[in-house]
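All residue numbers for the sequence shown refer to UniProt numbering, where the first residue is 1 and numbers rise by one. Positions of the beta carbon are idealized from the N, C-alpha and C atoms, including for glycine. For clarity, every value in this text was computed on a predicted model and none was experimentally measured.
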Amino acid sequence: MEYDDKIKNRIKRLEGQLRGALRMMEEGSDCQDVITQLSASRTAIDRAIGVIVSENLIECVREAEENGENTDDKVKEAVNLLVKSR
Numbered sequence: 001m002e003y004d005d006k007i008k009n010r011i012k013r014l015e016g017q018l019r020g021a022l023r024m025m026e027e028g029s030d031c032q033d034v035i036t037q038l039s040a041s042r043t044a045i046d047r048a049i050g051v052i053v054s055e056n057l058i059e060c061v062r063e064a065e066e067n068g069e070n071t072d073d074k075v076k077e078a079v080n081l082l083v084k085s086r
């Protein structure tokens, strides 16, 4: 799978959020503010996982259909990846 600039930029923003949380900790910011930042980072991770899995699933299903293969297994694999990520 090739990762486009859109998903790479999403990961770079996530990296910035995590660096921001670390900086907040180093500066002694309020616990609630740090947790808010970390929660936003977790949400960003979950969304990035969802985008990657869904784009990969589309690609895998197309390939399976072209090869005359059953696509059900590909969908199950994608669902399992999402479940494991939580």
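| Asked | Found |
| --- | --- |
| Pair within 9 angstroms by beta-carbon distance, S85 and I58 | no |
| CB-CB length for L14 against I35, believed under 8 angstroms | Actually they are not in contact, since the Cβ atoms of L14 and I35 sit about 17 angstroms apart, beyond 8 angstroms. |
| CA-to-CA distance, D72 to N9, given in whole angstroms | 31 angstroms |
| 9 angstroms Cβ cutoff met for N70 and A78 | no |
| K74, buried or exposed, once every other Cβ within 10 Å from all chains shown has been counted against 16 | buried |
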